[in-house]
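Notes to accompany the following structure.
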Amino acid sequence: MSEPGTPTLDQLKVLLTVVDVGSFAGAARKLNRATSVVSYAIANLEAQLGLTLFDRETTRKPQLTEAGRMVLAEARRVSNSIDNLRAKSKGLLQGLESELHIVLDTLLPEHRVVDALTSFREHFPTVNLHLYVESLGAVTRLVLDRVATIGVAGPLVTVDAIEKVGIGSVRMIPVAAPGHPLASAENIPPGAGREHVQLVLTDRSDLTRGRDVAVVGTSTWRLADLSSKHMLLKAGIGWGNMPEPMIRDDLAAGRLIHLDMPDSIGGYYVMDAIYRTDTPPGPAGRWLIERFRGQVPSVAAEAGTVG
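Under my numbering, think of the first position of the sequence shown as 1, with each following residue one higher.
Okay, here's the thing in structure tokens:
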């Protein structure tokens, strides 16, 4: 044979069944066919491919040849692809999204993200997920621009095109490295924070331009990346507010110190699940919002750029 033929899906199904149950007779019973029909299907598959798939000389039970093991691996891949196609088609017929684009605020605690997305994968294995992580107004901007269908955003300026569903909050606390002057002060007087560099998480979008909340320092370093702020705080370059879950281990280990500052005591950063009013999420998106909503109760807080 110069070129292998094209096997049918039924031939591949018969091959998989023979291997899974361990015999031609067992495959026949499982497929509700005569044993001769199963043998004929395998013989035709071998003829199509020009390969011997089973060793029929040295054993009574069907044993795959090296070529048979290769074909088996490909047959399983084809079968899985067909199963995925059927599952996705069924989901679309039921109104389920084929893919979902979401954007999360960088301040959303890691354990909440992991919980929601792990459970999402279990409930919606056929939905492809596209994840973005942004800060402050940049989350809303991606939703407004239709890059993402759903966002988890902090406090916003009211936007008519956006619907909001409260999903709780995260506690923000002022911290600095142990060697920072504010960390070593026994009683921090009001206004002391203005004398030192404050590291501020800022907005890459135009939605909260000019709005500062919990920013008291007259000298500020503005960073759009929370991990960079975390790194600089531990290095002793300034002080700033951080989400408590992210720095819990640093506080316990003494790498960061909770500052008792009378004019910057931290607070709660409220979060909402958001989506455009003209493009509400489908079943998978609605489920994800409810998952976030059920994690913790909502707590009111101030809005804007986070110091």
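Note that the Cβ used here is the ideal one computed from N, Cα and C, for glycine as well.
Since this is a predicted model, take the numbers as computed values, not measurements.
{"Item": "Anticipated Cβ contact below 8 Å, residue 176 with residue 202, distance rounded", "Value": "Going by Cβ atoms, the distance from residue 176 to residue 202 rounds to 19 Å, so no, they are not a contact pair."}
{"Item": "Backbone CA spacing between residue 268 and residue 107 [nearest angstrom]", "Value": "11 Å"}
{"Item": "DSSP three-state assignment for residue 54, whether helix, strand or coil", "Value": "strand"}
{"Item": "Straight-line gap, residue 11 to residue 127 (C-alpha atoms, nearest Å)", "Value": "29 Å"}
{"Item": "DSSP bridge partner residues for residue 276 (one or two, in chain order)", "Value": "162"}
{"Item": "Residue 131 versus 184, 122, 116, 82, residue with shortest Cα-Cα distance", "Value": "116"}
{"Item": "Cβ-based neighbour list, residue 245, same chain, cut-off 6 Å, excluding 5 preceding and 5 following", "Value": "109"}
{"Item": "Presumed contact (8 Å Cβ cut-off) between residue 183 and residue 259, rounded CB distance", "Value": "7 Å"}
{"Item": "8 Å CB neighbourhood of residue 14 in its chain, flanking five on each side removed", "Value": "27, 31, 38, 41, 42, 45"}
{"Item": "Short Cβ contact (8 Å threshold) for residue 266 with residue 241", "Value": "yes"}
{"Item": "Residue 147 vs residue 243 beta-carbon contact at 8 Å", "Value": "no"}
{"Item": "Beta-carbon gap between residue 163 and residue 274 smaller than 8 Å", "Value": "yes"}
{"Item": "Backbone CA spacing between residue 9 and residue 96 [nearest angstrom]", "Value": "27 Å"}
{"Item": "Rounded straight-line distance, which links the Cα of residue 60 to that of residue 292", "Value": "57 Å"}
{"Item": "Endpoints, the alpha helix (DSSP H) within which residue 150 is located", "Value": "Counting along the chain, residue 150 falls outside any alpha helix (DSSP H), though it belongs to the beta strand (DSSP E) covering 150-153."}
{"Item": "C-alpha distance - residue 253 paired with residue 150, whole-angstrom precision", "Value": "36 Å"}
{"Item": "Element boundaries [beta strand (DSSP E), containing residue 310]", "Value": "Given that the chain is displayed from residue 1 to residue 307, the structure contains no residue 310 and the question cannot be resolved."}
{"Item": "Contacts around residue 287, its chain only, beta-carbon distance under 8 Å, and the 5 residues preceding and following it disregarded", "Value": "120, 123, 124"}
{"Item": "Residue 85, buried or exposed, once every other Cβ within 10 Å from all chains shown has been counted against 16", "Value": "exposed"}
{"Item": "The alpha helix (DSSP H) enclosing residue 123, as first and last residue numbers", "Value": "110-123"}
{"Item": "Option nearest residue 20 by Cα separation, candidates 76, 222, 65", "Value": "76"}
{"Item": "Alpha-carbon to alpha-carbon, residue 295 and residue 153", "Value": "16 Å"}
{"Item": "Residue burial classification, residue 71 (beta-carbon count within 10 angstroms, cutoff 16)", "Value": "buried"}
{"Item": "Contact under 8 Å by Cβ, residue 139 with residue 105", "Value": "yes"}
{"Item": "Spatially closest choice to residue 185 from 172, 5, 262, by CA coordinates", "Value": "262"}
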